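Engineer: Once you know that position 43 of the sequence shown is 43 in the working numbering, the rest is easy, because the numbers rise by one and skip nothing.
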Amino acid sequence: FKQRYHNANPAILLTMLIALILNVFGHVTRPWCNAVLGLLNLLLETTLGKSTCSTIPSDIRTVRKKFDLDPVTQTFATCTRCSCTYPPAPTRKKSPYP
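So, in structure tokens, the structure goes:
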């Protein structure tokens, strides 16, 4: 675990965390999270000045990447008769599923 934001501006960090919590735990959709980021950015611009707020992302996908929250997934094949799952075979390049 890397502490990337140890010396970050707390206002910027809190802005990103609010949008991230809404997205991950509140299941708020991407457009609404982007709107929250924009509104909080506007609030910080008016109170702190424009130079501070240039590092706040405008898209929640960027925030998720900054906090390394993108999921790692693996696709499995599922039998239509018995619902058994089969992992991909790395040795079969063209068709990795049975």
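Positions of the beta carbon are idealized from the N, C-alpha and C atoms, including for glycine. Since we're looking at a predicted model, the values are computed, not measured.
Rounded to the nearest angstrom, how far is the Cβ of Ala-19 from that of Leu-37, given a contact under 8 Å?
Structural biologist: Correct: roughly 5 Å between the Cβ atoms.
Engineer: From the DSSP output, in three-state form, read off Thr-80 for me.
Structural biologist: Three-state result, Thr-80: coil.
Engineer: What is the rounded straight-line gap between the Cα of Leu-17 and the Cα of Gln-74?
Structural biologist: Computed Cα separation, rounded: 28 Å.
Engineer: For the alpha helix (DSSP H) containing Arg-61, list its first residue and its last residue.
Structural biologist: Arg-61 -> alpha helix (DSSP H) spans 60–66.
Engineer: Should Leu-39 go down as buried or exposed, given a rule of 16 or more other Cβ atoms within 10 Å for buried?
Structural biologist: Burial call: exposed.
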